[in-house]
Amino acid sequence: AYRINGFEQFCINLANEYIHQHFIRHVFIDEQEVYDEERLRIKPIDFHDNCLCLELIVKPPIGIIHLLSDESTIFQATDRSFLDKCHQYHARNEHYVKPKYGTPEFGINHYAGVVHYQVDMFLQKNRDFVRPEFFELLIYSRSMFIASLFPEFLDNREIHMSQPFATLDSHHSFTVSEKGKTNRLSSNVISSYNESLQNLLEKISKSSSFFVQCIRPNIDKSPLNFDDVLVMSQIQSYGIVETIKWRQIGFPIHMSYASFVKRYFVLCGKPKIILRNPPKENSKKICDQILKTAPERSNEYEMGENKESA
Numbered sequence: 002a003y004r005i006n007g008f009e010q011f012c013i014n015l016a017n018e019y020i021h022q023h024f025i026r027h028v029f030i031d032e033q034e035v036y037d038e039e040r041l042r043i044k045p046i047d048f049h050d051n052c053l054c055l056e057l058i059v060k061p062p063i064g065i066i067h068l069l070s071d072e073s074t075i076f077q078a079t080d081r082s083f084l085d086k087c088h089q090y091h092a093r094n095e096h097y098v099k100p101k102y103g104t105p106e107f108g109i110n111h112y113a114g115v116v117h118y119q120v121d122m123f124l125q126k127n128r129d130f131v132r133p134e135f136f137e138l139l140i141y142s143r144s145m146f147i148a149s150l151f152p153e154f155l156d157n158r159e160i161h162m163s164q165p166f167a168t169l170d171s172h173h174s175f176t177v178s179e180k181g182k183t184n185r186l187s188s189n190v191i192s193s194y195n196e197s198l199q200n201l202l203e204k205i206s207k208s209s210s211f212f213v214q215c216i217r218p219n220i221d222k223s224p225l226n227f228d229d230v231l232v233m234s235q236i237q238s239y240g241i242v243e244t245i246k247w248r249q250i251g252f253p254i255h256m257s258y259a260s261f262v263k264r265y266f267v268l269c270g271k272p273k274i275i276l277r278n279p280p281k282e283n284s285k286k287i288c289d290q291i292l293k294t295a296p297e298r299s300n301e302y303e304m305g306e307n308k309e310s311a
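Our numbering puts the first residue of the sequence shown at 2, with every later residue one more than the last.
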């Protein structure tokens with residue numbers, strides 16, 4: 002957050018909320034689901050989930066970004082009318098902060114703390130209006146590379162190029178009939194941005210995630226200055242303490258019995274014989290063999306229904 006936060010900072014913090022939600026789901030929620038599926042008796046811990054804050058911003062039909070999108074389509078709408086609707090629908094939301102003195106701003110209680118946003122220029126920046134003639138210049142460019150950047154307009158381009166002296170009316174410039182979808186020309190910044198974030202998070206959720214939490218030692222970015230209060234605030238906001246506790250009491254590494262046996266069967270005295278047994282039985286024998294050299298670590302693994310966890 003900055004001293005004055007506007008539309009740009011609102012977009013940045015929306016992305017931060019999505020990333021933090023992915024972190025919460027990956028570290029806590031998905032992990033607990035694995036324990037439940039494997040029937041491992043791991044007592045869940047309390048952690049701060051930012052899903053309600055994210056719903057305040059993006060949940061249709063009255064999430065803040067949807068109110069902003071709706072107001073952006075109304076010619077007479079103003080930043081103030083957008084703010085009034087935010088107050089109307091969210092004044093009682095615990096994650097929404099309505100100013101006491103009627104200033105043109107609203108606050109959101111993000112996972113990292115409360116941030117106040119000045120609504121000046123919100124609608125104008127969200128509309129990001131570009132004259133249709135500029136888009137037509139690109140869509141009907143003689144450069145196929147430039148024209149290929151607008152694949153949803155290929156049909157209109159073919160019609161236009163076959164009639165070199167024809168001029169498209171505004172209807173064809175702004176709509177696409179295929180599947181009833183609206184193209185990028187009639188969308189607004191926050192809707193496109195939110196859709197891009199959701200698509201990105203969908204791809205990330207299908208991959209292996211590794212998280213690096215960056216801690217600011219002080220506000221001024223000065224060397225050799227460690228602000229204890231600021232650092233502790235970040236540690237608490239980012240869920241670092243809860244993550245450490247969760248890792249201490251849980252078993253974050255999971256491996257199927259077949260994979261475990263394939264990787265570690267050589268540690269057993271008779272590898273050829275052990276391969277004849279079921280994978281779960283083999284896994285137990287391998288663990289017993291390992292614990293002969295480290296019996297004090299017998300409580301550092303669990304055998305679930307289908308996986309070995311450590």
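Glycine residues also receive a C-beta, built at the ideal position from the N, C-alpha and C atoms.
Here the structure is a predicted model, which means the values were calculated and not measured.
**Q.** Cβ pair count under 8 angstroms reaching 3, the stretch 126–144 against the stretch 96–104
**A.** no
Q: Return the residue from the list Tyr-118, Ala-113, Tyr-112 that minimises the CA-CA distance to Glu-1.
A: Outside the shown range of the chain (2 to 311) lies residue 1, about which nothing can therefore be said.
Q. Is the distance from the Cβ of Glu-306 to the Cβ of Arg-42 below 9 angstroms?
A. no
Q.
Here's the rule I'm using: 16 or more other beta-carbon atoms within 10 Å means buried, otherwise exposed. How should Phe-76 be labelled?
A. With a threshold of 16 other beta carbon atoms within 10 Å, Phe-76 falls short and is exposed.
Q. In terms of DSSP beta bridges, what is Phe-107 paired with?
A. Tyr-118, per the DSSP bridge assignment.
Q) Which class does Val-131 belong to by DSSP, given the choice of helix, strand or coil? A) coil
Q: Would you mind sorting Ser-144 into buried or exposed? The rule is 16 or more other CB atoms within 10 Å of its CB.
A: exposed
Q: Ignore the nearest five residues each way along the sequence and tell me which others in Leu-150's own chain have a CB closer than 8 angstroms to its CB.
A: Leu-139
Q: Find the nearest neighbour of Lys-44 within the set Phe-266, Arg-264, Ile-287, Phe-252, judged by alpha-carbon distance.
A: Phe-252
Q.
Pairs of beta-carbons, one from the stretch 108–116 and one from the stretch 16–32, closer than 8 angstroms: are there three or more?
A. yes
(Q) To the nearest angstrom, how far is the alpha carbon of Thr-294 from that of Ser-210? (A) 33 angstroms
Q: Using 10 angstroms around the beta-carbon of Thr-74, count the other beta-carbons present and answer buried if the total reaches 16, otherwise exposed.
A: exposed
**Q.** Whether Met-256 touches Glu-301 by CB criterion (9 angstroms)
**A.** no
Q.
Buried or exposed, going by whether 16 or more other CB atoms sit within 10 Å of the CB of Glu-72?
A. buried
Q. At a Cβ threshold of 9 angstroms, is Arg-277 touching chain D?
A. Here there is only one protein chain, and chain D is not present.
Q.
Applying the 10 Å Cβ sphere with the 16-neighbour rule, what's the burial state of His-91?
A. In summary, His-91 is buried, with 16 or more beta-carbon neighbours lying within 10 Å of its beta-carbon over all protein chains present.
Q. From which residue to which residue does the alpha helix (DSSP H) around His-67 run?
A. 65–73
Q.
Rounded to whole angstroms, what is the Cα-Cα separation between Leu-292 and Lys-285?
A. 10 angstroms
Q. Would the stretch 195–208 and the stretch 216–233 be scored as touching if the rule is three or more Cβ pairs under 8 angstroms?
A. no
**Q.** Nonlocal neighbours in the same chain, by C-beta distance under 7 angstroms from His-21, ignoring five residues either side
**A.** Asn-51, Tyr-112
Q | Candidates Pro-296, Ile-13, Tyr-258, Gln-290: closest to Cys-269 by CA position | A | Comparing Cα-Cα distances from Cys-269 to each of Pro-296, Ile-13, Tyr-258, Gln-290, the minimum goes to Gln-290.
(Q) I need the straight-line Cα distance from Pro-100 to Asp-85, nearest angstrom please. (A) 12 angstroms
Q.
By the three-class DSSP mapping on this structure, what secondary structure does Glu-56 have?
A. helix
Q) First and last residue of the alpha helix (DSSP H) that includes Lys-263? A) 258–265
Q) If you count every other CB in all the chains shown that lies within 10 Å of the CB of Cys-215, and 16 or more means buried, which is it? A) The residue in question, Cys-215, is exposed, as its Cβ has fewer than 16 Cβ neighbours within 10 Å.
Q: Specify whether the stretch 119–128 and the stretch 4–12 touch according to this definition: at least 3 beta carbon pairs, one from each stretch, less than 8 angstroms apart.
A: yes
Q: Can you have a look at Glu-196 and say buried or exposed, based on whether 16 or more other CB atoms are within 10 angstroms of its CB?
A: exposed
Q | Beta carbon of His-83 nearer than 9 angstroms to that of Phe-48 | A | Sequence check: residue 83 is Phe here, not His. No.
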